[in-house]
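What follows is one structure encoded as structure tokens, with my remarks underneath.
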Amino acid sequence: MSQARTNARKAAVQALYQWQMTGQNLSQIELQFLEEERLKDAQKSYFTELFHGVPKNLESIDQALAEFVDRPVDLIDPVERAILRIGVYELLHRLDMPYRVVLNEGINLAKCFGADGSHKYVNGILDKVARQKRTVELNRRKTESK
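By the count of the numbering used here, the sequence shown reaches residue 859 at its end, each step adding exactly one.
Structural data, given as structure tokens:
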């Protein structure tokens with residue numbers, strides 16, 4: 714996994730957090746990140762995909778989350794919500810990315826930005842979503858490990 718893609722995810726968490734908290738226009742936030750050079754070491758195209766892809770697919774992402782979270786999605790801590798939404802976006806729309814990579818990145822983002830222990834919560838939710846949405850990949854892994 715490239716560091717540039719990891720940095721794109723980190724920036725996307727921050728940008729989505731800002732969007733969730735302020736309701737500001739996506740293009741304004743993205744421009745701000747570019748102007749402040751917060752994407753200097755990030756894969757810009759991946760940042761853009763995540764940052765615009767999550768709001769564009771918010772309904773299906775939040776539906777997938779709602780099945781497994783212990784409260785309404787809007788009441789999840791905003792940092793964890795941004796991380797979970799990125800993870801679910803990747804599980805649903807980036808089938809080229811192994812689910813284990815998505816889970817690992819989500820855990821690392823939670824360790825970086827979330828409250829103490831939030832990585833366990835993020836891991837648990839993303840794992841459940843992966844088991845439901847990535848059954849073909851999970852079954853293939855089981856077959857290969859026999």
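In this text, a Cβ means the ideal position worked out from N, Cα and C, and glycines have one as well.
*asked:* Tell me whether the stretch 745–756 and the stretch 716–728 touch, counting them as touching only if at least three CB pairs, one residue from each stretch, are closer than 8 Å.
replied: Yes, the stretch 745–756 is in contact with the stretch 716–728.
*Should GLY837 and GLY819 be called a contact, given that it needs their Cβ atoms to be closer than 8 Å?*
For the purposes of this step, residue 837 is taken as residue 124 along the sequence shown, with counting starting at 1. For the purposes of this step, residue 819 is taken as residue 106 along the sequence shown, with counting starting at 1. No, they are not a contact pair.
*Is the beta carbon of LEU808 less than 8 Å from the beta carbon of VAL815?*
Numbered from its first residue, the sequence shown carries residue 808 at position 95. Numbered from its first residue, the sequence shown carries residue 815 at position 102. Contact: no.
_Please list the terminal residues of the continuous alpha helix (DSSP H) segment that includes GLU850._
Within the sequence shown, numbered from 1, the residue matching residue 850 stands at position 137. Counting along the chain, the alpha helix (DSSP H) containing GLU850 begins and ends at 848–857.
*Below 8 Å, can you find three or more Cβ-Cβ pairs linking the stretch 754–764 to the stretch 779–793?*
Touching, no, given that fewer than three Cβ pairs across the two stretches are closer than 8 Å.
*Apart from the five residues on each side of it in sequence, which residues of its chain come closer than 7 Å, Cβ to Cβ, to ARG847?*
For the purposes of this step, residue 847 is taken as the residue at position 134 of the sequence shown. Excluding residues up to 5 positions away in sequence, LEU804 and TYR812 lie with their Cβ nearer than 7 Å to the Cβ of ARG847 in the same chain.
*With a 10 Å radius around its C-beta and 16 neighbouring C-beta atoms as the bar for buried, classify GLY830 as buried or exposed.*
Against the sequence shown, residue 830 aligns to sequence position 117. In summary, GLY830 is exposed, with fewer than 16 beta-carbon neighbours lying within 10 Å of its beta-carbon over all protein chains present.
_Reference VAL842, options ASP790, HIS806 and GLN733, closest by Cα_ = Residue mapping note: residue 842 aligns to position 129 of the sequence shown, counting from 1. Put simply, of ASP790, HIS806 and GLN733 the residue whose alpha carbon is nearest the alpha carbon of VAL842 is HIS806.
*With burial defined as no fewer than 16 other Cβ atoms inside 10 Å of the residue's Cβ, what is the status of ARG722: buried or exposed?*
On the sequence shown, residue 722 is found 9 positions in, with the first residue counted as 1. Classification for ARG722: buried.
*If we call anything under 8 Å between Cβ atoms a contact, is VAL792 one with GLY827?*
As a first step, residue 792 must be located in the sequence shown, where it is residue number 79. As a first step, residue 827 must be located in the sequence shown, where it is residue number 114. Contact annotation: VAL792 and GLY827 have beta-carbon atoms nearer than 8 Å.
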